[in-house]
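Residue numbering for the sequence shown is -17 to -1, 1 to 160, as defined by mature numbering (1 follows the signal peptide of the UniProt record, and there is no 0). A virtual CB, placed ideally from N, CA and C, is assigned to each residue, including glycine. To start, the structure itself, in structure tokens.
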Amino acid sequence: MKHLTVFALAFVAFADARYMAKIGTLMDCGGISANVTGQFYTDPIPVPGEGFGAFDFVLSQDLPMDLVLEKMAWKIETGEVIPCLGLAGGFMGSCTIKLCESLDQIPDFFCPFFPENLPCNCPFLATSGTVKLNLTFSEEYIMYGPGDYEQKLRLISEANPEENLACVDIKYTLINA
Ligand SMILES: *[C@@H]1O[C@H](CO)[C@@H](O)[C@H](O)[C@H]1NC(C)=O
Ligand SMILES: *[C@@H]1O[C@H](CO)[C@@H](O)[C@H](O)[C@H]1NC(C)=O
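As structure tokens, this is what we get:
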């Protein structure tokens, strides 16, 4: 029965889609504190729509309290930057988020993605686990059209923004549905 429901939901989502996002790669882009490997379970993802994935991480050192999540998104051919789409954009778009403050202010947004066995607040201590990752394609993505895109997620310290503590890079292609 559960499978039927999932299938029905997927069908509704696909019927509405203008584009499909085919995932190219989910890669570790180099961080001094963490190694990351991941995959998406929804592929392709309807646009607008949402798909889910997860990445396993090994955090080899404790992370600082001035932790910042920097999201950067652009269309590869033109260099057009996808702007910050707020909470509706989920992990996508281009925004800079003070992570420790946000976890306190909007735990309902971030905490569902956290490993179940870890506390959803700072400081993050060295450990390993699995973080869920949803790609949320809001309506805004439609106007950027088909093509290749890149979405980068960097964890940095506000005091030293040049250095990646952890970094994930996702490439995908929008094709006509
Ligand atoms: C990531 O993995 C490589 C290869 O196993 C290792 O040399 C490196 O120290 C690891 N980096 C971190 C931050 O854990
Ligand atoms: C992630 O996306 C899936 C599929 O759309 C959805 O069922 C799930 O609730 C989402 N998870 C979160 C934490 O938003």
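If you keep only unbroken alpha helix (DSSP H) runs of at least 4 residues inside the segment 92 to 152, you get nothing at all. In the assembly as shown, Leu116 is a buried residue. Its beta-carbon has 16 or more other beta-carbons within 10 Å. Remark: the shortest separation between the CB of Val41 and any heavy atom of ligand 1 falls under 7 Å.
In the structure shown, Pro29 falls within a strand segment according to DSSP collapsed to helix, strand and coil. With 5 Å as the limit between CB and the heavy atoms of ligand 2, the residues that fall short of it are Glu33, Phe35, Pro95 and Asn117. Boundaries of the alpha helix (DSSP H) harbouring Cys83: Leu82 to Gln88, taken from the DSSP string. Distances taken from the Cβ of Ile139 to the heavy atoms of ligand 1 include none shorter than 7 Å. DSSP places Glu63 in no beta strand (DSSP E); its state is neither H nor E.
Per DSSP, Leu9 is one residue of the beta strand (DSSP E) stretching across Tyr2 to Asp11. Around the beta-carbon of Tyr24, fewer than 16 other beta-carbon atoms lie within 10 Å, marking it exposed. As the crow flies, the alpha-carbon of Phe96 is around 23 Å from that of Pro66. Per DSSP, the unbroken beta strand (DSSP E) holding Gln22 starts and ends at Ala17 to Phe23. Cβ neighbours of Thr79 within its own chain (closer than 8 Å, five residues either side excluded): Val51, Leu52, Glu53 and Lys54. Counting other Cβ atoms within 10 Å of its Cβ, Val64 stays below 16 and is therefore classed as exposed. With a beta-carbon spacing of about 6 Å, Leu118 and Ile28 fall inside the 8 Å limit used to define contacts. Excluding residues up to 5 positions away in sequence, Pro29, Val30, Pro31, Gly32 and Ala160 lie with their Cβ nearer than 8 Å to the Cβ of Ala(-1) in the same chain. In the three-state reduction of the DSSP assignment, Asp39 falls in the strand class.
Spatial neighbours of Ala109 in its own chain (CB-CB distance under 7 Å, excluding positions within 5 residues in sequence) are listed in chain order as Leu42, Ser43, Gln44 and Asp45.
Annotated three-state conformation of Leu70 is helix, per DSSP.
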